[in-house]
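*Asks:* Here's a structure for you.
Here's what the structure looks like:
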């Protein structure tokens, strides 16, 4: 159990380092990613006003595997952002390694029309 706690603590430390360098505004919100063992979610966050602009969860999309769902979550968050006239975001990987599901979500968001 100790290794799990140190794994979460390491991710939290990485996320704090990332958050010290990036911030979202209403013009260019932060695209925040959270990944668990079963699901992945993405939020567009305006840090200046402390508001969530849009969010998508993998429970809300259809797909066979986690990679397919991650790509669809990225595409859905891009659709919601473009509907609110947002085309540029700041990507926040949340302390997770940029590979696998996190990369699939980012590629889906880029394919949907977001720039980062």
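In my numbering, the protein residues as written are 1063 to 1178.
C-beta: ideal position from N, C-alpha, C; glycine also.
Count the other CB atoms, across all protein chains shown, that sit within 10 Å of the CB of residue 1173; report buried if there are 16 or more and exposed otherwise.
*Replies:* For the purposes of this step, residue 1173 is taken as residue 111 along the chain shown, with counting starting at 1. Exposed is the call here.
*Asks:* Let me know if residue 1063 comes out buried or exposed under the rule of 16 or more other beta-carbons within 10 Å of its beta-carbon.
*Replies:* As a first step, residue 1063 must be located in the chain shown, where it is residue number 1. In this prediction, residue 1063 has a pLDDT of 49, which is less than 50 and means its spatial position is unreliable; what the coordinates show is noted afterwards. That one is exposed.
*Asks:* Suppose you measure from the CA of residue 1167 to the CA of residue 1136; what does that come to, to the nearest Å?
*Replies:* By 1-based counting over the chain shown, the position of residue 1167 is 105. By 1-based counting over the chain shown, the position of residue 1136 is 74. For residue 1167 and residue 1136, the distance between alpha carbons rounds to 4 Å.
*Asks:* Mind checking residue 1182: buried by the 16 CB within 10 Å criterion, or exposed?
*Replies:* Summary: the structure shown does not reach residue 1182, with the chain confined to residues 1063 through 1178, and so no result is reported for it.
*Asks:* Where DSSP assigns a beta bridge to residue 1153, which residues make up the other side?
*Replies:* The sequence position of residue 1153 within the chain shown is 91, counting from 1. DSSP, once it has assigned bridges, lists 1093 as partnering residue 1153.
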